[in-house]
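A.B. asks: Input: one structure, supplied below.
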Amino acid sequence: AQTVTQSQPEMSVQEAETVTLSCTYDTSESDYYLFWYKQPPSRQMILVIRQEAYKQQNATENRFSVNFQKAAKSFSLKISDSQLGDAAMYFCAYRTSQGGSEKLVFGKGTKLTVNP
Amino acid sequence: NAGVMQNPRHLVRRRGQEARLRCSPMKGHSHVYWYRQLPEEGLKFMVYLQKENIIDESGMPKERFSAEFPKEGPSILRIQQVVRGDSAAYFCASSLQSNQPQHFGDGTRLSIL
């Protein structure tokens, strides 16, 4: 079974600085999807960024980018120019590409604090 | 274009009662997923449904829990004879196709007295 590990329960960053959140996963599959979701205090689950394993290019969405290291099974999230609104829980998630099992497997999350 | 709608937002039940959680997927989405989030934990998959069919229920407890997604109307997650341990946030997500990103609702926070 696939597992996702987020080794940083909490992180903090100064406003306007850059922070990197770590995520590793375990799988025997060669093709899959990886995601980062943000959960602010309002408890919504917001998709931040998505990476397809067969794509070597790292995904980027404005201030958010990933460092996808397939061989190392690592998928870190970099937030540049951090803003107060970035404060939230961040969850890394894995999903197989095989049909019939589209469930997301989540890590336990990293709580990000942004200091003014 | 409305997102995934879950209701109620908060639900309080006494031990032994039934809880019904509703989820209306995004317009045009026929794939629905239910997840449970315990305090200080990530989300755990419960069940995946596609109109009138349960595709994967590997995360559902064997007893007291059931889910449906009828041809008409919202998806329902039903918990019978609730216990304190059922207290959690229950999230629904939907997708257009099975290989498309899942979009989440705001969740239902279930509290058991």
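Chains A and B, in that order, give the protein sequences.
Under my numbering, the first residue of the first sequence carries the number 1, and numbering increases by one thereafter.
Under my numbering, the first residue of the second sequence carries the number 1001, and numbering increases by one thereafter.
Cβ atoms here follow ideal geometry from the backbone N, Cα and C, with glycine treated the same way.
Quick one: Cα of A/Ser80 to Cα of A/Asn62, how far?
C.D. replies: When rounded, the distance between both Cα atoms is 9 Å.
A.B. asks: Which ranges would you report for the alpha helix (DSSP H) in the region 1002-1034 of chain B if only whole runs of at least 4 residues count?
C.D. replies: None, since the region 1002-1034 of chain B contains no complete alpha helix (DSSP H) of that length.
A.B. asks: Using a Cβ cut-off of 8 Å, pull out every chain B residue sitting near A/Phe91, in sequence order please.
C.D. replies: What A/Phe91 touches in chain B: Gly1042 and Leu1043.
A.B. asks: Skipping 5 residues on each side, what residues in its chain have a beta carbon closer than 6 Å to that of A/Tyr25?
C.D. replies: Answer for A/Tyr25: Val4, Lys73 and Tyr94, listed in chain order.
A.B. asks: Tell me, which residues are paired with A/Ser12 by DSSP?
C.D. replies: According to DSSP, which records beta bridges pairwise, A/Ser12 is partnered with A/Thr113.
A.B. asks: Span of the beta strand (DSSP E) holding A/Gln6?
C.D. replies: Run containing A/Gln6: none; DSSP gives neither H nor E here.
A.B. asks: Any beta carbon from chain B within less than 8 Å of A/Lys103's own beta carbon?
C.D. replies: Yes, because at least one Cβ of chain B sits closer than 8 Å to the Cβ of A/Lys103.
A.B. asks: Tell me, which residues are paired with B/Ser1128 by DSSP?
C.D. replies: Outside the displayed range of chain B (1001 to 1113) lies residue 1128 of chain B, so it cannot be described from this structure.
A.B. asks: Measuring straight from C-alpha to C-alpha, what distance separates A/Val114 and A/Ser12?
C.D. replies: For A/Val114 and A/Ser12, the distance between alpha carbons rounds to 6 Å.
A.B. asks: If the cut is a Cβ gap below 7 Å, which residues of chain A does B/Glu1086 touch?
C.D. replies: Before going further, note that residue 1086 of chain B is Asp rather than Glu in the sequence given. Near B/Asp1086 there are no residues of chain A at all, since even the closest Cβ is about 18 Å away, more than 7 Å.
A.B. asks: For the candidate residues A/Ala53, A/Asn58, A/Ala87 and A/Tyr37, whose alpha-carbon lies nearest to that of A/Lys108?
C.D. replies: Measuring from the Cα of A/Lys108, the nearest candidate turns out to be A/Tyr37.
A.B. asks: Jot down the residue ranges of each uninterrupted beta strand (DSSP E) in the region 1044-1069 of chain B, minimum 3 residues, whole runs only, in chain order.
C.D. replies: Fully enclosed beta strand (DSSP E) runs of 3 or longer: 1053-1056 and 1065-1068.
A.B. asks: Rounded to whole angstroms, what's the CA-CA distance from A/Thr96 to B/Asn1099? Just pull it up for me.
C.D. replies: Approximately 9 Å, taken between the alpha carbons.
A.B. asks: How would you call B/Ser1058, buried or exposed, if buried means at least 16 neighbouring beta carbons within 10 angstroms?
C.D. replies: Looking at its Cβ environment, which holds fewer than 16 other Cβ atoms inside 10 Å, B/Ser1058 is exposed.
A.B. asks: When DSSP labels each residue in this structure, what does A/Leu104 get in the three-state scheme?
C.D. replies: Strand, per DSSP.
A.B. asks: Decide if B/Val1047 is buried, meaning its Cβ has at least 16 other Cβ atoms within 10 Å, or exposed.
C.D. replies: Label assigned to B/Val1047: buried.
A.B. asks: For A/Lys103, count neighbouring Cβ atoms within 10 angstroms of its own Cβ and tell me buried if that reaches 16, exposed if not.
C.D. replies: Looking at its Cβ environment, which holds 16 or more other Cβ atoms inside 10 Å, A/Lys103 is buried.
A.B. asks: Determine contact between the region 1077-1085 of chain B and the region 1001-1021 of chain B, defined as no fewer than three beta-carbon pairs at a distance below 8 Å.
C.D. replies: Yes, the region 1077-1085 of chain B touches the region 1001-1021 of chain B.
A.B. asks: Taking CB distances under 8 Å as the criterion, tell me whether A/Lys108 reaches chain B.
C.D. replies: Taking Cβ atoms only, chain B reaches closer than 8 Å to A/Lys108, which makes this a yes.
A.B. asks: Within 10 angstroms of its Cβ, does A/Thr18 collect 16 or more other Cβ (buried), or is it exposed?
C.D. replies: A/Thr18 comes out exposed.
A.B. asks: Bridge partners for A/Met45 per DSSP, in chain order?
C.D. replies: DSSP output for A/Met45 lists no bridge partner at all.
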